[in-house]
Structures are given as structure tokens and as C-alpha cells.
Amino acid sequence: MLSWRHAEQLAMVPLIDDAGNGRTGLVVAFSRKVDASRVDAEHVFVVDAHDPLAREAEEQFGMRCRCPLRGRVRPVKVLAVNNDLIEKAEVLPAGTQFSEAIAFLFDEAPVRRLVDALGERADFGVRINGEFVVDTDGRAVDAEFTRAELPTGDRPKGSEFGVQGGLFQSWLRPVLG
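With the sequence shown counted from 1, adding 103 to any position gets you the numbering used here.
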């Protein structure tokens, strides 16, 4: 389950962080608990966006430069779901290793400036490298987002079986409140 619909506009989910504050983030829930300590924001749960300073390269050379966004990945507990979307989650205490959901928490001020600078061009790419998201039994999640449907994975529609690992890919158009 996700906190966004693939390729659609999203008002970002306000998460409750470990200090009790609302934080902007993206949430992914799994069918089993995963080892959140192995998931980071630089290599495993990566969110990227257009580089707002690269407009000249885009215009002159047809290049679309994208950059990973700075953030943190934390284990979370899903608190509210509506229409198969996660609407609210709470960051679990520091040191929590296994959880059924993880969140990419944005650095609030920079992401707001980025969305404002990009305007209608704002979109976030989301990638999760499934080889590194491991459940309590030591199995990597089946991560492909085939047909942009959940459950994810390369399994035939309706099957419960898939191959471990793979790359989850999605995107969304952020709207910050």
C-alpha cells in the first residue's frame, strides 16, 4: 500500500515524527514486516526530482537532469487508510528494526523551495531497490510495480508467488499544503 497514486497529483502525507511534529513524507507498506535498518534514502528508497537550476541544459541540449532528494527513511506505523491510500502514519521510536511500513521523510524547507521553484514541472520519481528490503525471514521483497498495481511484483495477475528483489518505480506530482 502507498501514500500516493502512481502518476497523479498528491498532497503530501503529514507524518508524526518521533518528536511529535508533523513531517512531510511518502509511505510504503508491505505485506510482512521488513528490516527498516537496512533501508536508506541514498541507495534503497530514493526520491528524485528535476534539477531547477538545469533549465539551460534542458533548453540547449534537450537534457532532463534529475537529482536525488535529501531525506531520511524511518520505520512507521500506518494510522489511517482511505480508498487504499495511506493517509497518516507515525514514525516509530529510534532503534525499531522491523516494521510493516517505511517512510521517506523530506527535509521540509528545501522540498518546499524545490516544489515552488519547479511549479507545474514538479514531479517526484520514487525508486525502491527491492534487493535490499528484507523481511523477517531474510527474503527480499518482490518489488516490481508491474501494471502500476498492488500487490507489487513480477507475478502473473492473481498469483501469490513472485521473484525476490527487483526495482519498484513510480512517480507523482507533489502539492505541498
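C-beta: ideal position from N, C-alpha, C; glycine also.
Runs of the beta strand (DSSP E) spanning 3 or more residues and lying entirely within the stretch 111-192 occur at 112-114, 116-119, 125-138, 148-153, 169-171 and 174-185, in chain order. Separation of F227 and E145 (C-alpha to C-alpha, rounded to the nearest whole angstrom) is 15 Å. T239 counts as exposed, since fewer than 16 other beta carbons sit within 10 angstroms of its beta carbon. By the Cβ criterion, the stretch 121-141 is in contact with the stretch 194-210, since at least three pairs of Cβ atoms, one from each stretch, lie closer than 8 Å. Residue state for F235 is assigned as helix, using DSSP reduced to three classes. Taken atom to atom, the span from the alpha-carbon of D154 to that of E162 is near 13 Å.
Shown here, E203 sits in a strand according to DSSP, grouped into three states. Taking 8 Å as the cut-off, the Cβ atoms of L279 and R215 count as close. Its chain contains E190 and K191 as the residues whose beta carbon lies nearer than 6 Å to that of A183, once the 5 sequence neighbours on both sides are disregarded; these appear in chain order. Between V150 and G125, the C-beta spacing is not below 8 Å.
DSSP places V218 in the helix class (H, G or I) of the three-state scheme. Counting along the chain, P254 sits inside no beta strand (DSSP E), nor does DSSP assign it H or E at all.
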